[in-house]
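Sequential numbering of the sequence shown, starting at 1, is according to full-length UniProt numbering.
Just so you know, even glycine gets a beta-carbon here, dropped at the ideal spot from N, CA and C.
Just so it is clear, the structure is predicted and the values come from calculations on it, not from any experiment.
Each remark here refers to the structure printed beneath this line.
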Amino acid sequence: MTNRHYFCLEDKAIPAHQLAASVLDFAHSRQVNKHKLLRSTGIFHEDLTSDKTLSSLQILKLLNNAKSLTPGYDCGFLLGRRLFY
Numbered sequence: 001m002t003n004r005h006y007f008c009l010e011d012k013a014i015p016a017h018q019l020a021a022s023v024l025d026f027a028h029s030r031q032v033n034k035h036k037l038l039r040s041t042g043i044f045h046e047d048l049t050s051d052k053t054l055s056s057l058q059i060l061k062l063l064n065n066a067k068s069l070t071p072g073y074d075c076g077f078l079l080g081r082r083l084f085y
């Protein structure tokens, strides 16, 4: 990484075991297939249990997959509630 004072979408700076693992856990509780959830994100199940970091773009793709695969219209609300309680 160069001497920048900002992050780009592709910069890996978000710990995988926090947000991504929470999204995966939430989707699993709603019977979403984890392989479909992780498809096209570049995130692997092993990344969630390690010290790997993810990019904002990977997280956005994961959240988009969760939204489209989770039944009902309350995915965003329920996920936000889970993250902040």
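The beta-bridge partner set that DSSP reports for residue 14 consists of 54. Cβ-Cβ distances below 8 angstroms link residue 7 to 13 and 56 in the same chain, with the five nearest sequence neighbours on each side left out; the list follows chain order. In terms of Cβ geometry, residue 23 and residue 62 form a close pair [threshold 7 angstroms]. Nearest Cα to residue 82 within the set 10, 15, 34 and 19: 19. In the three-state reduction of the DSSP assignment, residue 39 falls in the coil class. Contact between residue 48 and residue 17 holds: their C-beta atoms lie close to 6 angstroms from each other, under 8 angstroms. For residue 62, the secondary structure class from DSSP, reduced to helix, strand or coil, is helix.
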